[in-house]
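S.K.: Residue numbers (our numbering): 75 to 173.
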């Protein structure tokens with residue numbers, strides 16, 4: 075979805091540890107059935123960040139979505155808006171940052 079695409083940078087920033095563990099297991103070609111804990115951590119963190127963005131960073135999220143909609147072939151033009159969303163996510167302690 076456009077909304078998840080817009081929030082993807084914040085997911086990477088706020089869920090870096092969970093994403094890294096999951097990616098490492100995939101790189102090692104671990105059977106998916108043995109990655110349930112790590113997959114659940116990624117999903118839980120992503121859901122928490124998404125809820126937080128919707129309630130605490132909605133203006134920034136809307137700005138990223140609008141920019142991406144206006145510039146579908148040039149993400150670079152949206153770097154400032156994406157950065158603003160990332161900053162809002164970090165300032166509000168979303169995902170793993172709240173630990």
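Yeah, the Cβ is synthetic: ideal placement off N, Cα and C, and Gly gets one too.
Because the structure is a prediction, the values reported are computed rather than measured.
1. Helix or strand or just coil, what does DSSP make of residue 106?
2. For residue 122, which of helix, strand or coil comes out of DSSP?
3. Thinking C-beta only, is residue 96 closer than 9 Å to residue 169?
4. Check whether the region 156–171 touches the region 127–141, counting contact only when three or more Cβ pairs, one atom from each stretch, lie closer than 8 Å.
5. Which stretch, first to last residue, makes up the alpha helix (DSSP H) that contains residue 80?
M.R.: According to the structure shown:
1. Here residue 106 sits in helix by DSSP.
2. Here residue 122 sits in helix by DSSP.
3. Contact check for residue 169 against residue 96 fails: the beta carbons are separated by 9 Å or more.
4. Touching, per the Cβ criterion.
5. 76–88 is the extent of the alpha helix (DSSP H) around residue 80.
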